[in-house]
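Peer 1:
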Amino acid sequence: MSGLAIAAMGVPQEAIAAPVALERQEPLNTQLFSPSTLPSELIPAPGIPQHLTPLDSGADPSPAYLAQQSDPDDRFLQDPPDLTLPTDDEPVLQPEVDPSPPTGLPDQPDVQFPIRTLEVLGSTIFDQQDFAPIIQPLENQTVTLADLQQAADAITQLYLNDGYLTSRAILVDQPITDGIVRIQVVEGSLAEIQIEGLQRLRQRYVRDRIELGAGTPLRAERLEEQLRLLRSDPLFDNIEASLRASGEVGQSVLIVRVDEASPWFGGASVDNYSPPSVGSERVGVDIGHRNVTGLGDSLSLSYDRTTRGGAHIFDINYRVPLNPMNGTLALRTVIDRNEIVQSPFNVFGIRGESERYEISFRQPLVRSTREEFALSLGFSHKDGQTFLFNNIPQPFGIGPDEDGISRTSVFRLGQDYVRRDVAGAWALRSQFNIGVDVLNATTNSAPVPDSRFVSWLGQVQRVQRLGDDHLMILQADLQLSPDSLLASEQFVIGGGQSVRGFRQNARSGDNGFRVSLEDRITLTRNASGLSVFQLAPFIDMGAVWNHPDNPNTLPDQTFLVGAGLGALWELVPNLNLRLDYALPLIDLSDRGNNFQDDGLYFSVDYRF
10 MSGLAIAAMG VPQEAIAAPV ALERQEPLNT QLFSPSTLPS ELIPAPGIPQ HLTPLDSGAD
70 PSPAYLAQQS DPDDRFLQDP PDLTLPTDDE PVLQPEVDPS PPTGLPDQPD VQFPIRTLEV
130 LGSTIFDQQD FAPIIQPLEN QTVTLADLQQ AADAITQLYL NDGYLTSRAI LVDQPITDGI
190 VRIQVVEGSL AEIQIEGLQR LRQRYVRDRI ELGAGTPLRA ERLEEQLRLL RSDPLFDNIE
250 ASLRASGEVG QSVLIVRVDE ASPWFGGASV DNYSPPSVGS ERVGVDIGHR NVTGLGDSLS
310 LSYDRTTRGG AHIFDINYRV PLNPMNGTLA LRTVIDRNEI VQSPFNVFGI RGESERYEIS
370 FRQPLVRSTR EEFALSLGFS HKDGQTFLFN NIPQPFGIGP DEDGISRTSV FRLGQDYVRR
430 DVAGAWALRS QFNIGVDVLN ATTNSAPVPD SRFVSWLGQV QRVQRLGDDH LMILQADLQL
490 SPDSLLASEQ FVIGGGQSVR GFRQNARSGD NGFRVSLEDR ITLTRNASGL SVFQLAPFID
550 MGAVWNHPDN PNTLPDQTFL VGAGLGALWE LVPNLNLRLD YALPLIDLSD RGNNFQDDGL
610 YFSVDYRF
């Protein structure tokens, strides 16, 4: 059957799904499937950072996307920290050193003698101006040893008030020459860190992170901050610490007791967040180990498939922390195998395969329980191909070569910022993507899309507490590019984790935006006061548009908006159900008859 004959059949937008973006360079009228007749919901693209898996991707209006498919959130490099940390107000650090200044009097406290100057030595925190209110009333006066001891105690109190629990000001034995009296400050430090309870994790992992807050002079607040960060680390179930005197003035011993968590994690899920052309219902399993070699490194494996067998995705991810600020190196491989199973187009044996390899490094520059700011640098390479009648290489769309092959090599520069406050949290992500001609990447003459491009992708999320039972979540995504993009780099909207009321990946383009507003209303709590059942009214909207010179055309309707109601239910601990029903406020001419087209979405997820 000729390409023109197939195109004349009017293949619907949702019919062709695929995991590799393969556009070819021939004129539009020579394509096997014209972009206006193929399934747009199959394009992989950026989305929101919410428990997405590789099967959230699809293809665009052409089966070309069978070869370069990616999870919407996979377009970013490494994940930022959670928006919320455990709300445990119990301090980790229990000081056992005396937090009050010494009260003992020197021998012969009432002996009087004149002094001209009172000098304070050894302070790196305070200067003479800070000490002036304490020492100036005594200068050029006749004083007693008791007066001088009180001055030393007042200086010690300055340190205590600022959280330096182990620093002391001492009136040392000294001859008084020319009326000069010296008070020596001994700024506190840790003489030793003792770590108890470790089993497989190396001591350096804990010690190096504690030492970030154990400078001289030792400040309890900074030490507590690092201990809280450790306690929020999934490697630990709990951490307790005590600060004890060592017998030397200003020297303390920190004893840290840790309870390592099980290193194993994983889960299983069922949902209908996959493009209907490869099967809208999918199942997934994943398993991982958080401490493979004792360095705190993690290895995770996942497998996802649609229930109709149209999509198979294997994901292998390894991460290792390289420094105590949690700078992490990540290596990742994703293997996609997709085919169209939707009738009547399954008879054409349209399938795609792709491999993705990525290396990235993420380095936090600011890290605390309140905020984190990090920079990321990564490189990814995707290699994909699409086929017709199962094994005949065939390009779809404009961009891939004559054998349906497209390759992209992309440097990615990322920035992410998380800030928590009493009313909620902000999360910001930004990433510059620079496609280059290396590793045999796809190259074409302008304006045909290829691996040489520049784009910017941004996300913002605000979680706002409106009351004890109301949590408002605002999310927005934006992609901008001055170039025509291959399918795997385009922005996609539509589906249960994007714009609800429409099928997965209903529209895609070189540029786009998405905005979602959801109010989670708690109706039921468990005995611990945690929410177990919520209703969530929401409204989603988004739009896409292409570079004016992009030869791959878009459907007329590129703006989507939907509104509806969701229900979230924790059936038992770690087993969560979500149901969403959305009404599309835009009536698409290419609307299908899948549950997704009716605005119905479900997700069941179990984690351990």
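Counting in my numbering, the sequence shown runs from 10 upward without gaps.
Don't be surprised by glycine CBs; every beta carbon is placed ideally from N, CA and C.
Small disclaimer: the values here were computed from a predicted structure and weren't measured.
When burial is assigned at 16 or more other CB atoms within 10 Å of the CB, is H479 buried or exposed?
Peer 2: Here residue 479 corresponds to residue number 470 of the sequence shown, with the count starting at 1. When all chains shown are included, H479 counts as exposed.
Peer 1: Let me check one thing: in DSSP terms, what residues is F405 bridge-paired to?
Peer 2: Taking the sequence shown and counting its residues from 1, one reaches residue 405 at position 396. Answer by DSSP bridge pairing: none, since F405 is not bridged.
Peer 1: At what residues does the alpha helix (DSSP H) containing E233 begin and finish?
Peer 2: As a position in the sequence shown, residue 233 is number 224, starting the count at 1. Residues 229-240.
Peer 1: Have a look at the DSSP bridge pairing and note the partners of F420.
Peer 2: Translated into the one-based positions of the sequence shown, residue 420 becomes position 411. According to DSSP, F420 bridges with F388, I443.
Peer 1: Let's test the definition: count the other Cβ atoms within 10 Å of the Cβ of P557 and tell me whether it reaches 16, buried, or not, exposed.
Peer 2: On the sequence shown, position 548 is the one that residue 557 refers to. Its Cβ having fewer than 16 others within 10 Å, P557 is exposed.
Peer 1: Check each candidate in L483, G503, N555 and name the one with the smallest Cα separation from S525.
Peer 2: As a position in the sequence shown, residue 525 is number 516, starting the count at 1. Checking every option, the nearest Cα to that of S525 belongs to L483.
Peer 1: Less than 8 angstroms between the CB atoms is what I'm expecting for S307 and D295, so what's the real figure, rounded?
Peer 2: Sequence index remark: in the sequence shown, residue 307 carries index 298 (1-based). Sequence index remark: in the sequence shown, residue 295 carries index 286 (1-based). Not quite, the Cβ-Cβ distance comes to about 12 angstroms (not below 8 angstroms), so this is no contact.
Peer 1: Identify, in the order they occur along the chain, each residue of the same chain with its Cβ nearer than 7 angstroms to the Cβ of H298, setting aside the five sequence neighbours on each side.
Peer 2: Walking along the sequence shown from the start, residue 298 turns up at place 289. Excluding residues within five positions, the ones whose Cβ falls inside 7 angstroms are P272, W273, S307, L308.
Peer 1: Is DSSP giving R218 helix, strand or coil here?
Peer 2: For this step, residue 218 is matched to residue 209 along the sequence shown. Helix.
Peer 1: When the Cα atoms are used, what is the spatial distance from G518 to G224?
Peer 2: Along the sequence shown, one-based indexing puts residue 518 at 509. Along the sequence shown, one-based indexing puts residue 224 at 215. Cα-Cα distance, rounded: 51 angstroms.
Peer 1: Quick check on the DSSP output: the beta strand (DSSP E) that includes A155 runs from which residue to which?
Peer 2: Here the question's residue 155 lines up with position 146 in the sequence shown. Taken as a continuous stretch (DSSP letters only), A155 belongs to no beta strand (DSSP E), being part of the alpha helix (DSSP H) at 154-170.
Peer 1: What does the Cβ neighbour count give for L539, buried or exposed, with the cut at 16 atoms within 10 Å?
Peer 2: Within the sequence shown, the letter at position 530 stands for residue 539. It counts as exposed.
Peer 1: Can you name, in chain order, every residue of its own chain whose Cβ lies under 6 angstroms from the Cβ of D187, other than the five neighbours on each side?
Peer 2: Here residue 187 corresponds to residue number 178 of the sequence shown, with the count starting at 1. Excluding sequence neighbours, D187 sits near nothing in its chain.
Peer 1: Would you mind working out which of L236, D162, R346, T126 sits nearest L147, comparing C-alpha positions?
Peer 2: Along the sequence shown, one-based indexing puts residue 147 at 138. Answer by Cα proximity: T126.
Peer 1: What's the C-alpha gap between G476 and L167?
Peer 2: Reading the sequence shown from its first residue, position 467 is the one you call residue 476. Reading the sequence shown from its first residue, position 158 is the one you call residue 167. Their backbone Cα atoms lie some 40 angstroms apart in a straight line.
Peer 1: Scan the region 520-579 and note each continuous beta strand (DSSP E) run of 3 residues or more that stays entirely inside, going in chain order.
Peer 2: 520-534, 540-554
Peer 1: Going by DSSP in three states, E148 sits in which element: helix, strand or coil?
Peer 2: The residue labelled residue 148 in the question sits at position 139 within the sequence shown. E148 falls in the coil class under three-state DSSP.
Peer 1: If you drop the 5 nearest sequence neighbours on each side, which residues of the same chain put their C-beta closer than 6 angstroms to that of E348?
Peer 2: For this step, residue 348 is matched to residue 339 along the sequence shown. Its chain contains G319, R360 as the residues whose beta carbon lies nearer than 6 angstroms to that of E348, once the 5 sequence neighbours on both sides are disregarded; these appear in chain order.
Peer 1: Spatial neighbours of Q370 within its chain, please: C-beta separation below 6 angstroms, excluding the five flanking residues on both sides.
Peer 2: Position 361 of the sequence shown, counted from the start, is the residue given in the question as residue 370. The amino acid at residue 370 is misidentified as Gln; the sequence shows Phe. Closer than 6 angstroms at the Cβ level, and outside the excluded window around F370, lie L338, L386.
Peer 1: Only counting the same chain, and skipping five residues up and downstream in sequence, which positions put a Cβ closer than 6 angstroms to that of L584?
Peer 2: The residue you call residue 584 lines up with position 575 of the sequence shown. Excluding sequence neighbours, L584 sits near Y615.
Peer 1: So, is N535 buried or exposed, given that buried needs 16 or more other C-beta atoms within 10 angstroms?
Peer 2: As a working note, residue 535 is residue 526 in the sequence shown. When all chains shown are included, N535 counts as exposed.
Peer 1: Taking Cβ positions, are I325 and D313 nearer each other than 9 angstroms?
Peer 2: Here residue 325 refers to the residue found at position 316 when the sequence shown is read from its first residue. Here residue 313 refers to the residue found at position 304 when the sequence shown is read from its first residue. No.
Peer 1: Measure the CB-CB distance between S415 and T451 and report whether it falls below 9 angstroms.
Peer 2: Residue 415 sits at position 406 when you count from the first residue of the sequence shown. Residue 451 sits at position 442 when you count from the first residue of the sequence shown. Contact: yes.
Peer 1: Let me make sure I understand the geometry here. Which of F405, S377, V570, A572 has the alpha-carbon closest to that of L232?
Peer 2: Position 223 of the sequence shown, counted from the start, is the residue given in the question as residue 232. Closest in alpha carbon position to L232, among F405, S377, V570, A572, is S377.
Peer 1: On the DSSP letters alone, give me the boundaries of the beta strand (DSSP E) that E205 sits inside.
Peer 2: Position 196 of the sequence shown, counting from 1, holds the residue named residue 205. Per DSSP, E205 belongs to the beta strand (DSSP E) from 198-205.
Peer 1: Identify, in the order they occur along the chain, each residue of the same chain with its Cβ nearer than 7 angstroms to the Cβ of L227, setting aside the five sequence neighbours on each side.
Peer 2: Residue 227 sits at position 218 when you count from the first residue of the sequence shown. These residues qualify, in order along the chain: Y173, T175, G197, S198, L199, S261.
Peer 1: Here's the rule: buried if 16 or more other CB atoms are within 10 angstroms of the residue's CB, otherwise exposed. What is E6?
Peer 2: For residue 6 there is no data in the structure shown, the boundaries of the chain being 10 and 617.
Peer 1: Start and end of the beta strand (DSSP E) containing F245?
Peer 2: Taking the sequence shown and counting its residues from 1, one reaches residue 245 at position 236. F245 -> beta strand (DSSP E) spans 245-254.
Peer 1: For N326, which beta-bridge partners are listed by DSSP?
Peer 2: Position 317 of the sequence shown holds residue 326. Beta-bridge pairing links N326 to S309, R341.
Peer 1: What does the Cβ neighbour count give for V553, buried or exposed, with the cut at 16 atoms within 10 Å?
Peer 2: Numbered from its first residue, the sequence shown carries residue 553 at position 544. By the neighbour-count rule (16 or more Cβ atoms within 10 Å), V553 is buried.
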